[in-house]
Amino acid sequence: NFLLTRFGTYYAAYLGATKDNNIPNNCWGKSEEIGEITTSPWSFFIQGNESHPLYAGIETDTDAGSGNPIVYTCDTGYMITNSTAQWHIGSDWGGYADLPTWRAGTGATDLGYGGDGAVVVWEFPAADGHGGILCIGSGCYDWYAHGVDISADRYHDNVKLLTSNAFNYLSE
C-alpha cells in the first residue's frame with residue numbers, strides 16, 4: 001500500500017497501477033523559497049465522498065456557490081508552493097472527456113475535486129494481489145510554509161489528519 005502526494009502521484013503509473021499507464025495530465029508548482037502567499041483559505045471539494053475514511057474527523061465546510069462540501073487545508077497568509085499533479089477532466093485536452101472516461105481509462109476512483117472539476121484526490125483499490133494506492137495531488141495539500149509562522153492557521157491540521165487517515169485506511 002502507498003500514499004502518494006503531489007508529484008509523487010506519478011509513481012502510480014510507474015508501479016503499473018494505472019490501466020492506461022498515464023500520469024496526471026495537469027501539473028505545475030513552485031519551490032519552497034518562491035511560493036505564493038494565499039489571499040484566502042484554500043480548499044478542495046469532496047462531494048459524494050464525505051463518508052470515505054480519508055475524510056473522517058476532517059473539518060469541512062459548504063461552498064457558498066455550489067453547496068458542495070469542501071475541505072480547507074490552509075488559511076489566508078500561508079506560503080504555498082501550489083505543487084499540483086491532478087487530472088484535468090474535459091474534452092478540450094487531456095484525453096478524459098468526463099469522469100466515467102477517466103475512471104475507465106485509469107482504473108482509479110475519484111475522491112476529491114478542484115474548483116474546475118479536476119480530480120485532485122483518487123485511489124487505485126487493492127486488486128490482484130497488489131496493495132491499494134491513495135493519491136493526493138492537490139496543490140493545497142502542503143506541509144511547509146517557508147518563512148511564515150503558521151501556528152495560528154485554522155485549517156492546517158486538516159493536512160495532518162488527512163495524512164493520518166490515509167495511513168490508517170491503507171493499513172486496514
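Count the sequence shown with UniProt numbering and you get residues 1 to 172, in order.
The beta carbon of each residue, even a glycine, is placed where N, CA and C say it ideally should be.
Return yes when the Cβ of residue j is within less than 8 Å of the Cβ of residue i, no when it is not.
i: Ala145; j: Ile80; result: yes
i: Val121; j: Phe44; result: yes
i: Gly57; j: Leu161; result: yes
i: Pro41; j: Gly137; result: no
i: Gly117; j: Ser83; result: no
i: Gly107; j: Phe124; result: yes
i: Arg6; j: Tyr141; result: yes
i: Gly132; j: Asn49; result: no
i: Leu4; j: Ala12; result: yes
Report the CB separation of residue i from residue j in whole angstroms; it is logged as a contact under 8 Å.
i: Leu134; j: Leu15; result: Their Cβ separation, rounded to whole angstroms, is 13 Å, which puts Leu134 and Leu15 out of contact at 8 Å.
i: Gly67; j: Val148; result: The pair is not a contact, with the Cβ atoms about 32 Å apart (cut-off 8 Å).
Buried or exposed, going by whether 16 or more other CB atoms sit within 10 Å of the CB of residue i?
i: Gly129; result: exposed
i: Glu172; result: exposed
i: Gly114; result: buried
i: Thr62; result: exposed
i: Asp110; result: buried
i: Ala97; result: exposed
i: Ala64; result: exposed
i: Ala127; result: exposed
*Any contact of the stretch 87-99 with the stretch 37-50, i.e. 3+ C-beta pairs under 8 Å?*
no
*Are the stretch 66-78 and the stretch 146-156 in contact at 8 Å, needing three or more beta carbon pairs?*
yes
_Continuous alpha helix (DSSP H) assignments of at least 4 residues falling wholly in the stretch 8-94_ = 11-14
_Closer than 8 Å is the cut-off here; do at least three beta carbon pairs connect the stretch 24-33 with the stretch 97-104?_
no
_alpha helix (DSSP H) segments (min. 4 residues) lying fully within the stretch 109-155_ = none
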